[in-house]
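Participant: Have a look at this one.
Numbering (my numbering), first residue to last: 176 to 518.
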């Protein structure tokens, strides 16, 4: 029996409800897949890019159902790592844990840089080093928030996602009256095969959906909240993607759209001018911020779970416990853990 198994008996606080799960899963999905990829996807498919996003949303359903089943059967921190470790052993668990951590780390790093990149639309005078400093600053802020507690991270995620959904709903409702249906003809100029090829290209837009399973141990009633939260996030974001891209295709000239890395801001500029560009730049920043916040939250649970199972140095889980004890004002427990940490 592993020395880390004893640690598994100490569960984390269950502080995440249904709305928290929905916002974490939704926020992890809405980022580059909506604010950067549509223009590149349009160049490959034409107006049928709307269908390509719908097909991609269907392709993620098996992964969503599988992870929901695993997370409700084994609601433990670590998500993918924990399932692989318990089913295939520590060797494969180590590989899976590092792979999951790296994927989330890279996704979060991309989102953090995206914050600075879209800040250029608000302040074109930003330099490359200033963009990187913005990314570093947000990384430090989210790390501190995650250290304080998952409850605070969930509250921040709710604020970010609600604000983002409100801005996107505003874009859809106001922009749909300016849509020119003639821009949808021909609908699939590159043939039916281009739709499925593009669906694979934009599939990454839904990749963040299942990352919420990494915090299953901190969910209230995970048997209900996790699968329901994931399903609601999938349904809302899939519909949102389709509607936003439909409006964008109907607003922007094809020659402009297929060469744009800021297609949503470009669409808002058509009927709202520079104010619309600024509003959608703010929405993009909120999207990248929410993705980075959710990514850091989920990524941190992999090394913590591996530390509990002695697959990483034990300070990965000890450090978490020390901070938790300090924030709970339990000085004795904090000093006790610190003494064992340095021994």
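Yeah, the Cβ is synthetic: ideal placement off N, Cα and C, and Gly gets one too.
Let me check one thing: in DSSP terms, what residues is residue 487 bridge-paired to?
Facilitator: DSSP output for residue 487 lists no bridge partner at all.
Participant: Locate the alpha helix (DSSP H) running through residue 226, then write down its first and last residues.
Facilitator: Looking at the DSSP string, the run of the alpha helix (DSSP H) that includes residue 226 is 224 to 234.
Participant: On the three-state DSSP scale, how would you describe residue 295?
Facilitator: The answer is helix: DSSP assigns residue 295 an H, G or I state.
Participant: Quick one: measure Cβ to Cβ for residue 199 and residue 367, integer angstroms, because I've assumed they're closer than 8 Å.
Facilitator: Incorrect: roughly 36 Å between the Cβ atoms, too far for contact.
Participant: Hey, would you say residue 239 sits closer than 8 Å to residue 405, going by beta carbons?
Facilitator: Yes, they are a contact pair.
Participant: Are the beta-carbon atoms of residue 377 and residue 223 separated by less than 8 Å?
Facilitator: Contact flag unset, no.
Participant: Does the distance from the C-beta atom of residue 347 to that of residue 452 stay below 8 Å?
Facilitator: Contact: no.
Participant: To the nearest angstrom, how far is it from the Cα of residue 480 to the Cα of residue 384?
Facilitator: Distance between the alpha carbons of residue 480 and residue 384: 20 Å.
Participant: Going by C-alpha distance, which of 442, 197 and 370 is nearest residue 219?
Facilitator: Residue 370 is the option with its Cα nearest to residue 219.
Participant: The alpha helix (DSSP H) with residue 260 in it runs from where to where?
Facilitator: Residues 255 to 263.
Participant: Give the C-beta separation of residue 446 and residue 289 to the nearest angstrom, bearing in mind that I take them to be a contact with Cβ-Cβ under 8 Å.
Facilitator: Contact flag wrong, Cβ pair sits at about 25 Å.
Participant: Using a threshold of 8 Å, state whether the C-beta atoms of residue 465 and residue 339 are closer than that.
Facilitator: Taking 8 Å as the Cβ cut-off, residue 465 and residue 339 qualify as a contacting pair.
Participant: If contacts are defined as beta-carbon pairs under 8 Å, then residue 468 and residue 259 qualify, I think. What distance do you get, rounded to the angstrom?
Facilitator: Actually they do not touch by this definition, with Cβ atoms about 25 Å apart.
Participant: Go ahead and pull the three-state DSSP assignment for residue 209.
Facilitator: Residue 209 falls in the helix class under three-state DSSP.
Participant: Counting Cβ pairs, one atom from each stretch, are 3 or more of them under 8 Å apart for the region 386 to 406 and the region 253 to 268?
Facilitator: Contact between the region 386 to 406 and the region 253 to 268 is present, because at least three Cβ pairs lie under 8 Å.
Participant: What's the gap between the Cα of residue 298 and the Cα of residue 458?
Facilitator: Approximately 15 Å, taken between the alpha carbons.
Participant: Note down the Cα distance separating residue 488 from residue 420, rounded to an integer number of angstroms.
Facilitator: If you take the alpha carbons of residue 488 and residue 420, they lie about 46 Å apart.
Participant: Could you give the DSSP three-state label for residue 191: helix, strand or coil?
Facilitator: Strand.
Participant: So the alpha helix (DSSP H) residue 303 belongs to, where does it begin and stop?
Facilitator: Residue 303 -> alpha helix (DSSP H) spans 303 to 323.
Participant: Is it a yes or a no for the region 407 to 417 touching the region 273 to 289, going by three-plus beta-carbon pairs under 8 Å?
Facilitator: No, because fewer than three Cβ pairs between the region 407 to 417 and the region 273 to 289 fall closer than 8 Å, the two stretches do not touch.
Participant: Going by C-alpha distance, which of 365, 292, 393 and 354 is nearest residue 443?
Facilitator: Answer by Cα proximity: 354.
Participant: Could you check whether residue 314 and residue 335 sit closer than 8 Å to each other, using their CB atoms as the reference points?
Facilitator: The answer is no: Cβ separation not under 8 Å.
Participant: One question on the structure: do residue 343 and residue 415 come within less than 8 Å of each other, judged by their Cβ atoms?
Facilitator: Yes, the pair counts as a contact, with Cβ atoms nearer than the cut-off.
Participant: Could you tell me which of 293, 312, 269 and 303 sits nearest to residue 478, measuring between CA atoms?
Facilitator: Taking only the C-alpha atoms, the option nearest residue 478 is 269.
Participant: Residue ranges of each alpha helix (DSSP H) run of no fewer than 4 residues wholly in the region 448 to 480, ordered along the chain?
Facilitator: Listed in chain order, there is nothing to give.
Participant: Can you name the start and end residues of the alpha helix (DSSP H) that residue 372 belongs to?
Facilitator: Looking at the DSSP string, the run of the alpha helix (DSSP H) that includes residue 372 is 367 to 377.
Participant: Roughly how many angstroms separate the alpha carbons of residue 350 and residue 402, rounded to a whole number?
Facilitator: Their backbone Cα atoms lie some 33 Å apart in a straight line.
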